[in-house]
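Worksheet for the structure shown next.
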Amino acid sequence: MTLNLSDAEMSVLETMCEEKGLSKTALVRQALRLYKSVDDRLARGEKVFVESADKSEKVELMVL
3 MTLNLSDAEM SVLETMCEEK GLSKTALVRQ ALRLYKSVDD RLARGEKVFV
53 ESADKSEKVE LMVL
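Quick note on this note's numbering: the sequence shown kicks off at 3 and runs consecutively.
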């Protein structure tokens with residue numbers, strides 16, 4: 003499979019791979035699993051939130 007990314011997108015992918023110690027394939031697989039999980043919840047009418055570590059801030063995750 004060939005994946006065409008902009009220079010900016012490729013830079014983000016490479017940076018994340020280095021930070022997480024993953025191959026590009028492994029990182030894309032993780033991203034797909036995360037997206038599928040979020041998408042399934044949204045399809046069921048659920049909301050997905052991100053909360054700060056100290057729980058002082060909570061925002062709804064918006065997926066386009």
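Ideal Cβ positions, reconstructed from N, Cα and C, are used throughout, including at glycine.
Which residue marks the beginning of the alpha helix (DSSP H) containing residue i, and which one marks its end?
i     : result
Lys38 : Lys26 to Ala45
Met12 : Asp9 to Lys22
How long is the line joining the alpha carbons of residue i and residue j, rounded to whole angstroms?
i     : j     : result
Leu34 : Lys26 : 12 Å
Tyr37 : Gly47 : 15 Å
Val52 : Thr4  : 32 Å
Leu44 : Met12 : 28 Å
Leu24 : Ser58 : 32 Å
Met18 : Leu29 : 8 Å
Hey, could you find the ends of the beta strand (DSSP E) residue i is sitting in?
i     : result
Glu62 : Lys60 to Glu62
Val52 : Phe51 to Glu53
Comparing alpha-carbon positions, which option in the options lies nearest residue i?
i     : options                     : result
Ser39 : Glu20, Val65, Asp9 and Ser8 : Val65
For the ligand FMN, is there any heavy atom lying closer than 7 Å to the beta carbon of residue i?
i     : result
Ala28 : This structure simply doesn't include the ligand FMN, nor any ligand for that matter.
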